[in-house]
Amino acid sequence: MTETLGLIVGAVLTLMVFSYLLGDNVLYRWALALLVGAAAGYAVGVAARYVLNDWIVGALAAQGAPDSLAYAVPLVLGALLLLKGFPPTRFLGRIAVIGNSSLGYLVGVGAAVAVSGALVGTLIPQVTVTGEALRIDEGGLAIAQGAVVLLGTVLGLYYFHTRPHTHRDAPPSKTPVQQKTERLGMAFIAIALGTAFSGALTSALTALVLRLWQLVELAERLISLVAG
Amino acid sequence: MFRWVIPTIIAVVAGLLVLLGYLAPIPIFVSVRIVLVRWATVLAAFALVLAYGSILKVHIARVFRRRIRHRIASLILLVSAVITLVLVLLQGPEGIWVQAILSDILIPGQSAVLALTAVTLLLSGMRLFTTRRSPMAVLFLATALLMLLGTIPVVYPRTVELIVQLVDAAATGGMRGLLLGVSLGIVITGLRIILGIDRPYSGG
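Protein chains in written order, with the numbering used here: chain A, 2 to 229; chain B, -4 to 199.
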């Protein structure tokens, strides 16, 4: 019975979301509000439990100055960050500028993690596999594929880095060869985005089939319940 | 002083130490990096609480303000946000009611929104073909169509298979170019922040 109730709630929510196909309406907005609220509450609940259980309880149980300091620093920085939530008209809001230090720490560490992630996770491996793509010892098709991958990578990168134009009416500052190379790079990007588009469409269609299947499943259950 | 001097010093020192911990695998740097990143996760949790408070503040104002549209949506958002938070705090993420919210509201709702994008993607694809018939738009849609046909489990003639393989290689190349471009952008932006040239935290 509980399972059927859960299915009914999910089905009603699905229909409310699908009502957008008839145009923007209140049912769709209510469903989205419910989803956003529940997701926000869930995420904050998990984060708050992490801070409470792993850090505040740990800080209270810490023995010795270095241990206490290791727990206290992020909690103090976090408390300073919360000051930024107060309106500037109140006292706590006026001293909220101290929270910039916490924000600076978060941004500095975040930037370092992003830089190392981009270097170690994307730049170095992608450059390596691009270099390895062109192999002469694996036959005609493999050579053609490797050459296309290499060409696509170089031209895509070229297009990506020469893109910002000055003004539409401004005289072209690029040579015809540069312009043609750029258009070729654009073609590779268009092919890549077309592939990504088809992948996104396939995922969305799979989700659509699953949702419709759940509606059918619920209808079957309700019919069997009514029929006894 | 507190507006940008101290925050910049903290950002630069913390950023350089973390970067050193990733790029120079010396035990002392790695240990410092692990501690600093763990502290950052705690700060991120506080930032999430701040964002949650901001959402509540905006929607409470909307609920109590007159002559504003979609007040009921704001009320639903507030109620669902507060109830879910209280349940997660009381029961933990594995609690029965929290699991019910996950499996009966969040998962079906979010997959319904994803399912809805199938229709919007199809419509936007068709609109692109009718409004902008440039060679690049045609190439984009032709590739998408070819890739979609490629997912159908049918035995195609050898020529079609060859074309699909070459288009696949071109897509890999183009995507790799994009990825490299994005990564270079991340590295440059990150280094500007770590070196204190950009200071997005000094807004006041």
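Note that the Cβ used here is the ideal one computed from N, Cα and C, for glycine as well.
Keep in mind the model is a prediction, meaning the values are calculated, not measured.
Beyond the five residues adjoining it in sequence on each side, threonine 184(B) comes within less than 8 Å, by CB distance, of Asp193 in the same chain, given in chain order. For aspartate 25(A), the secondary structure class from DSSP, reduced to helix, strand or coil, is coil.
With respect to leucine 14(B), valine 128(A) sits apart: the two C-beta atoms are not nearer than 9 Å. Neighbourhood of phenylalanine 161(A) in chain B, by CB distance below 7 Å: Gly172, Leu173, Gly176, in chain order.
Ranked by Cα distance from arginine 64(B), the first of Ala228(A), Gln179(A), Arg30(A) is Arg30(A). For glutamate 218(A), the uninterrupted alpha helix (DSSP H) segment begins and ends at 177 to 228. In summary, threonine 15(A) is buried, with 16 or more beta-carbon neighbours lying within 10 Å of its beta-carbon over all protein chains present.
Apart from sequence neighbours up to five positions away, the residues of its chain that approach valine 150(A) with a beta-carbon distance below 6 Å are Ala134, ordered along the chain. Taking a C-beta distance under 9 Å as the contact criterion, valine 52(A) and glycine 86(A) do not qualify as a contact pair. The C-alpha of isoleucine 96(B) lies about 10 Å from the C-alpha of alanine 40(A). Here the C-alpha atom of glycine 10(B) lies approximately 11 Å from the C-alpha atom of alanine 35(B). Under the 8 Å Cβ criterion, the stretch 136 to 147 of chain B counts as touching the stretch 185 to 195 of chain A, having at least three qualifying pairs.
Here DSSP, grouped into helix, strand and coil, assigns aspartate 193(B) to coil. Closer than 9 Å to the CB of proline 75(A) there is at least one CB belonging to chain B.
Rounded to whole angstroms, the gap between the alpha carbons of tyrosine 21(A) and alanine 205(A) is 16 Å.
Less than 9 Å separates the beta-carbon of valine 44(B) from that of alanine 49(A).
Spanning the alpha carbons of alanine 97(A) and arginine 91(A) requires a straight line of approximately 10 Å.
Flagged as an interface residue toward chain A: tyrosine 196(B), by a C-beta distance shorter than 9 Å. In this structure, DSSP gives histidine 54(B) a helical state, which the three-state scheme calls helix.
At least one CB atom of chain A sits nearer than 9 Å to the CB of alanine 137(B). Annotation: the continuous alpha helix (DSSP H) that includes methionine 131(B) extends over 130 to 145. Of the candidates Gln64(A), Leu82(A), Asn26(A), the residue whose Cα lies closest to the Cα of phenylalanine 41(B) is Leu82(A).
Residue range 3 to 19 is occupied by the alpha helix (DSSP H) that includes threonine 15(A). The beta-carbon of glycine 200(A) is placed less than 9 Å from the nearest beta-carbon of chain B. Between threonine 131(A) and chain B, the shortest Cβ-Cβ separation is below 9 Å. For a Cβ distance threshold of 8 Å, residue set Val110, Val114 of chain A lies close to valine 32(B), ordered along the chain. Of the candidates His54(B), Leu173(B), Phe(-3)(B), the residue whose Cα lies closest to the Cα of threonine 123(A) is Leu173(B).
Per DSSP, reduced to three states, the secondary structure at methionine 170(B) is helical. Secondary structure of leucine 78(A) (DSSP, three-state): helix. Under the 9 Å criterion on CB atoms, proline 148(B) is classed as non-interfacial with respect to chain A. Any Cβ of chain B closer than 9 Å to the Cβ of threonine 154(A) would place that residue at the interface, and such an atom is present.
Looking at Val8(B), Pro103(B), Trp(-1)(B), Val27(B), the one whose alpha-carbon comes closest to that of leucine 186(B) is Val8(B).
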